[in-house]
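Enquirer: The structure's right below; bear with me while I get my questions together.
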Amino acid sequence: MDNKDKEKEHEQTASGRNPDVTNDVEEEEEDEEGNKRAVVLGPQVPLKEQLELDKDDESLRRWKEQLLGQVDTEQLGETAEPEVKVLNLTILSPERPDLVLPIPFVPDEKGYAFALKDGSTYSFRFNFIVSNNIVSGLKYTNTVWKTGVRVENQKVMLGTFSPQLEPYTYEGEEETTPAGMFARGSYSAKLKFVDDDGKCYLEMSYYFEIRKEWPATQ
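Those letters in the sequence shown? Residues 81 to 298, by our numbering.
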């Protein structure tokens, strides 16, 4: 997390690429305008029903089969709404063993979900499961504050995912924590997963710490 007062917004694919970086204030304004212009779609139907309706459209059927992959359609059920369950967050750093944190986080005795060493390189990896139906335009935002001042607002576009039994994995780009005495201390943050329809699958507030050294046991 960069300690400068910056507003950073990543749009990435599930492979971790970062094709564009935009100002988050402008993006929020665009999102608001987009919501005003949003087209009202018809009601969602269960995926099994969609596949049955499209079976006579060869090109559409093949596109959906390509998107769905090896999913067992007999296990899709009759639920129209997609579900996304974020299983865990892994902190990766070449300086220490991987740290796997179940979601929701379990804070330590000081109330911190985790601690990072200042001036260190790290990245985040999420595992999540999609069930029931295709989820379109899944993205997450991670907003960070220090002493009440927002220092980062990251938005990551993950993509569109079909339901499957095996978890999906997303690994973000490598970042460097700020260094120095003024960078250390307590940070608050909010993590949120939403889709193109505005459905929220996870909204979680947490605290973390940047310190001089990695914790001895974590």
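Built from N, CA and C at the ideal position, the CB exists for glycine as well. Remember, predicted model here, so these are calculated numbers, not experimental data.
Leaving aside the five residues before and after residue 209 along the sequence, list all residues of the same chain whose C-beta is less than 6 Å from its C-beta, in chain order.
Expert: Answer for residue 209: 165 and 247, listed in chain order.
Enquirer: Short of 6 Å in beta carbon distance, which residues of its chain neighbour residue 220, apart from the five on each side in sequence? Order them along the chain.
Expert: Hits under 6 Å: 236 and 273.
Enquirer: Does residue 296 pass the burial test, meaning 16 or more other C-beta atoms within 10 Å, or should it be called exposed?
Expert: By the neighbour-count rule (16 or more Cβ atoms within 10 Å), residue 296 is not buried but exposed.
Enquirer: What's the gap between the Cα of residue 50 and the Cα of residue 233?
Expert: Here the chain has residues from 81 to 298 only, and residue 50 is not among them.
Enquirer: In terms of DSSP beta bridges, what is residue 283 paired with?
Expert: Its beta-bridge partners are 272.
Enquirer: Return the CA-CA distance between residue 167 and residue 211, expressed in angstroms with no decimal places.
Expert: So the two alpha carbons sit approximately 13 Å from each other.
Enquirer: At the level of alpha carbons, what is the spacing between residue 65 and residue 184?
Expert: No information on residue 65 is available, as it lies outside the stretch 81 to 298 that the chain covers here.
Enquirer: Out of 245, 178, 163 and 266, state which residue places its alpha-carbon closest to the alpha-carbon of residue 169.
Expert: Comparing Cα-Cα distances from residue 169 to each of 245, 178, 163 and 266, the minimum goes to 178.
Enquirer: Quick check on this structure: which residue in 200, 288, 261 and 174 has the alpha carbon closest to the alpha carbon of residue 271?
Expert: The shortest Cα separation from residue 271 among 200, 288, 261 and 174 belongs to 288.
Enquirer: I'd like to check one pair, residue 173 with residue 214: are the Cβ atoms closer than 7 Å?
Expert: Taking 7 Å as the Cβ cut-off, residue 214 and residue 173 do not qualify as a contacting pair.
Enquirer: Do you know offhand how far residue 196's Cα is from residue 138's?
Expert: Near 52 Å, if we compare the C-alpha coordinates of residue 138 and residue 196.
Enquirer: Can you name the start and end residues of the beta strand (DSSP E) that residue 205 belongs to?
Expert: Here the beta strand (DSSP E) through residue 205 covers 201-211.
Enquirer: What number of angstroms, rounded off, separates the C-alpha of residue 191 from the C-alpha of residue 262?
Expert: Each residue's Cα considered, the two are about 20 Å apart.
Enquirer: Could you tell me the distance, in whole angstroms, from the CA atom of residue 200 to the CA atom of residue 264?
Expert: Distance between the alpha carbons of residue 200 and residue 264: 12 Å.
Enquirer: For the beta strand (DSSP E) that residue 178 lies in, which residues bound it at each end?
Expert: It spans 176-182 - the beta strand (DSSP E) in which residue 178 sits, taken as one unbroken run.
Enquirer: So which of 285, 256 and 279 has the shortest CA-CA distance to residue 171?
Expert: The candidate whose alpha carbon is nearest that of residue 171 is 256.
Enquirer: Could you check the C-alpha separation between residue 260 and residue 292 for me, to the nearest Å?
Expert: Straight-line Cα distance between these residues: approximately 8 Å.
Enquirer: For residue 239 and residue 278, I'd like the C-alpha separation in whole angstroms.
Expert: Going from the Cα of residue 239 to the Cα of residue 278 covers about 14 Å.
Enquirer: Between which two residues does the beta strand (DSSP E) containing residue 236 stretch?
Expert: Residue 236 -> beta strand (DSSP E) spans 229-241.
Enquirer: Following the continuous beta strand (DSSP E) through residue 219, name the residue where it begins and the one where it ends.
Expert: That run of the beta strand (DSSP E) goes 215-226.
Enquirer: Whose CA, out of 253, 275 and 198, lies closest to the CA of residue 175?
Expert: For residue 175, the nearest C-alpha among the options comes from 198.
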